[in-house]
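Have a look at the structure below, then the notes.
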Amino acid sequence: VSKAKILVVVDRAVSYGGPGGPVASELRSALYSEPERPLVVNYIAGLASRDVAPFDFIAMVDKAEEAAGKGMGPEYEIYGVRE
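Each residue of the sequence shown is one higher than the one before, counting from 14 in our numbering.
Here's what the structure looks like:
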């Protein structure tokens, strides 16, 4: 993690009262005091027992790499649900 530029976290739950999922929130808190912390991109997937296929993980990583190229991304994204 110390040399990573981006971390992709996939949560299966929403953390009520906070932005994103519980694992990503804990990870951001743990990295907060680091002078050069990586970008943490959080996807919440598999809500309501929806399937998450291998190609979905590839798509999430591709989107996260695109966000890293811009230097920032969304705090979290709910993946695989209709809007």
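Ideal Cβ positions, reconstructed from N, Cα and C, are used throughout, including at glycine. All values derive from a computational prediction rather than experimental measurement.
- Given valine 27, which residues of its chain have a CB within under 7 Å of its CB, disregarding the five upstream and five downstream residues? Counting from 1 along the sequence shown, the entry for residue 27 is found at position 14. Closer than 7 Å at the Cβ level, and outside the excluded window around valine 27, lie Gly34 and Ile57.
- Item | Option in Asp24, Glu47, Val36 and Ala72 with minimal Cα separation from glycine 59 | By one-based count along the sequence shown, residue 59 stands at place 46. That would be Asp24, whose Cα lies nearest to the Cα of glycine 59.
- Message: What would DSSP say about serine 75, mapped onto helix, strand or coil?
- Response: Translated into the one-based positions of the sequence shown, residue 75 becomes position 62. In the sequence under discussion, the amino acid at residue 75 is aspartate, which differs from the serine named in the question. Three-state result, aspartate 75: helix.
- Local Cβ density within 10 Å of tyrosine 89, reported as buried at 16 or more and exposed below that: Sequence index remark: in the sequence shown, residue 89 carries index 76 (1-based). Tyrosine 89 sits buried, since 16 or more C-beta atoms from the chains shown fall within 10 Å of its C-beta.
- Query: Between the C-alpha atoms of leucine 20 and glycine 31, what's the straight-line distance to the nearest angstrom?
  - Reply: Locating residue 20 in the sequence shown gives position 7, where the first residue counts as 1. Locating residue 31 in the sequence shown gives position 18, where the first residue counts as 1. Those two C-alpha atoms are separated by around 19 Å.
- Message: Please identify the residue among Asp75, Glu96 and Val94 whose C-alpha is closest to the C-alpha of valine 54.
- Response: Locating residue 54 in the sequence shown gives position 41, counting from the first residue. It is Asp75 whose Cα lies nearest to the Cα of valine 54.
- Endpoints, the beta strand (DSSP E) within which glutamate 90 is located: As a position in the sequence shown, residue 90 is number 77, starting the count at 1. Run containing glutamate 90: 89-91, per the beta strand (DSSP E) assignment.
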